[in-house]
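Residue numbers (our numbering), protein chains in the order written: chain A, -13 to 202; chain B, -13 to 202.
We put the beta carbon where it would ideally sit given N, CA and C, even for glycine.
Please read all numbers here as calculations on a predicted model, not as lab measurements.
For reference, the structure discussed in these notes is given below.
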DNA sequence: CGGTCATGTGACCGATCAGTCATATGACCA
DNA sequence: TGGTCATATGACTGATCGGTCACATGACCG
């Protein structure tokens, strides 16, 4: 946790530091990210940084938690309709996930790096990773109970599928946008509300549904 | 490319250097991997290293190419039956891929890191990445022609699915083995030839087949 | 023997890093 | 005014890095 000094900072200064730190950690993994670059870019003294944070890891953990918290808030602000079946719920989750990645690209990119480029304290990864894995497993268990998921599907493997596809989907859509966008608006938000984007997300869910849904 | 000096080395010395370098690059990404650690572990002088390789990147590219080459050789030694339909071919590819990862864990881990932990010359990633993407797209086009893949499936999205699942499957099975293996043999090779492993690979392909196969 | 040439060596260079600390600033209060 | 206290500062430390270079070694040849 950052020190009290950090939270006593004027909001704009605090936010500038966060923003610049996210820039650094979305471009480099934990080891390669540089506190020296961050303080230089933020225009603060090295010593000041260490008035705010205990060390590099303190900042990193804080940003990581911030990402999780912001995503939670984002999802809470756009709640799913109650009583959705599992694949409608997954559609909602994927769509909101992609929207979040577009509205908070630095935060998302840094979270993605944190989870996928290894090299930090084991619990860091594994606690977050197992949490999402458990979440998907629970979802699958429910789906089986409600008869929406083929009971013969290996729950662990299905969780792997969801986890993998969901964590990569945003990156994929971003790459695809960049490739398609031959000098177009460059307005990601707009694109990701477009019919085309919805269609890709929809087809993703349909593949999963056909692949794992209950034979009827 | 390494210098001639490197290839003039006695085979055991050359292989020890490669092995130790793979150890380093399978644990750290390009930026964080350390030539100093490699030469210390290999028991050679820093200056000697630079008699063999132009620089860090030279070694990295060489190992990366070696990984691709070894995998190619591995697949060539266990060729698929001719005239397989696309999903049988994918099963073969997944099974051999997992077997390769188990027989050459350092090489595979280093290749995985190279592709997934970003931060090196763009062509490095993107040329390898687009190559495999094109490979899968071609496979999908063939599958559509032969009536094995639903023609309504977005080929690009399907390639993303294959690419993503295939690149993560080995890692997943490794994690799952480690979790299941509560003090068992620790013999990965044996496990990955087991009926259980084959069943997981089989179900993976079945999910993809049900998800994208032609409706009949 | 002396000369040549590929190979081996490790001290050294300049850069960069995370983190520290003595000191400075400046707001607030007595 | 003078004292106190949270905050700001940047020179500094010790470590590590990738890469260089002047020199050592030793095999082969005349």
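Item                                                                                                               : Value
7 angstroms Cβ cut-off: residues of chain B touching residue 158 of chain A                                        : 146
Start-to-end residues for the alpha helix (DSSP H) that takes in residue 35 of chain B                             : 32 to 38
Simplified DSSP assignment, three categories, for residue 97 of chain A                                            : helix
Simplified DSSP assignment, three categories, for residue 54 of chain B                                            : helix
DSSP three-state assignment for residue 170 of chain B, whether helix, strand or coil                              : With a pLDDT of only 49 at residue 170 of chain B, under the threshold of 50, the placement of this residue in the model should not be trusted; the figure read from the coordinates follows. Three-state result, residue 170 of chain B: coil.
Best match in B:79, B:3, B:-11, B:-6 for proximity to residue 118 of chain B [C-alpha to C-alpha]                  : B:79
Residue 191 of chain B vs residue 86 of chain B beta-carbon contact at 8 angstroms                                 : no
For residue 199 of chain B: DSSP bridge partner residues                                                           : B:135
Residues of the segment 120 to 147 of chain B with Cβ closer than 9 angstroms to any Cβ of chain A, in chain order : 136, 138, 139, 140, 142, 143, 144, 146, 147
Chain-ordered residues of the segment 181 to 202 of chain B with a beta carbon less than 7 angstroms from chain A  : 186, 189, 190, 193, 194, 196, 197, 198
Residue from A:84, A:37, A:97 whose Cα sits closest to the Cα of residue 15 of chain A                             : A:97
Opening and closing residue of the alpha helix (DSSP H) in which residue 82 of chain B lies                        : 72 to 89
Neighbour-count burial assignment, residue -7 of chain A, 16 or more Cβ in a 10 Å radius                           : exposed
Residue 11 of chain A and residue 99 of chain A closer than 8 angstroms at C-beta                                  : yes
Residue 32 of chain A vs residue 133 of chain A beta-carbon contact at 8 angstroms                                 : no
Proximity test, Cβ basis, 8 angstroms: residue 150 of chain B and chain A                                          : yes
Enclosing alpha helix (DSSP H) for residue 19 of chain B [first to last residue]                                   : No alpha helix (DSSP H) contains residue 19 of chain B, which DSSP labels as neither H nor E.
CB contact flag (residue 42 of chain A, residue 93 of chain A, <8 angstroms)                                       : no
Contact list for residue 15 of chain B against chain A, beta-carbon separation under 9 angstroms                   : 15, 17, 18, 103, 104, 105
Chain-ordered neighbours of residue 154 of chain A on chain B, where CB pairs are closer than 7 angstroms          : 150
Proximity of residue 103 of chain A and residue 156 of chain B at Cβ, strictly below 8 angstroms                   : no
Test item: CB-CB of residue 162 of chain A and residue 138 of chain B under 8 angstroms                            : no
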